[in-house]
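Worksheet for the structure shown next.
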Amino acid sequence: MAFKRFTDIRWEEGTCVSIGDDAFFVEVGVARVENPVLRKICDACPINVDCGEWALRHEEYGFWGGMSPADLNATRRERGIPYQRIDYGLSCA
Ligand code: SF4
455 MAFKRFTDIR WEEGTCVSIG DDAFFVEVGV ARVENPVLRK ICDACPINVD
505 CGEWALRHEE YGFWGGMSPA DLNATRRERG IPYQRIDYGL SCA
């Protein structure tokens, strides 16, 4: 996960690390696993607050801290949090 090197969040403690995070990345707004399942997993995750706060600031896709991309956008608007894209330096070229 490229984003790990941009934070000091202890991502290795995230519940999705042990179950695999593929299900947490959303394709065109449709989660591969039902959102209620992901929400339950995230609710029990020991780093869910840090994860959600990171995603509110820097992530556009995927399910983070119990929030879908739509949830992230709504919460950004509610809390006035600016989205700041990070260039992870991942290029297919
Ligand atoms: S809150 Fe959810 S997405 Fe974030 S690290 Fe935990 S399990 Fe993974």
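Heads up, the working numbering is the position in the sequence shown plus 454, with the first residue counted as 1.
Even glycine gets a Cβ: it sits at the ideal position worked out from N, Cα and C.
Computed from a predicted structure; not experimentally measured.
Whether residue i touches residue j by CB criterion (7 Å)
i: Cys505; j: Gly519; result: yes
i: Val501; j: Gly468; result: With the sequence shown as reference, residue 501 is identified as Ile, and Val is not the correct amino acid for it. In contact: Ile501 and Gly468 (Cβ atoms closer than 7 Å).
i: Leu510; j: Arg493; result: no
Reference residue i, options the options, closest by Cα
i: Ala528; options: Phe478, Val503, Lys458 and Glu514; result: Glu514
i: Tyr542; options: His512, Phe478 and Met521; result: His512
i: Cys499; options: Asp476, Trp508, Val471 and Gln538; result: Val471
Rounded straight-line distance, which links the Cα of residue j to that of residue i
i: Gly534; j: Leu526; result: 11 Å
i: Glu532; j: Glu488; result: 25 Å
i: Trp465; j: Pro536; result: 23 Å
i: Trp508; j: Arg459; result: 13 Å
i: Gln538; j: Cys496; result: 23 Å
i: Met521; j: Ile463; result: 18 Å
i: Phe479; j: Ala524; result: 13 Å
i: Ala477; j: Pro490; result: 12 Å
i: Thr461; j: Ile540; result: 11 Å
Can you list, in chain order, the stretches of the alpha helix (DSSP H) that have 4 or more residues and sit fully within the stretch 478 to 531? Runs found: 489 to 497 and 502 to 512.
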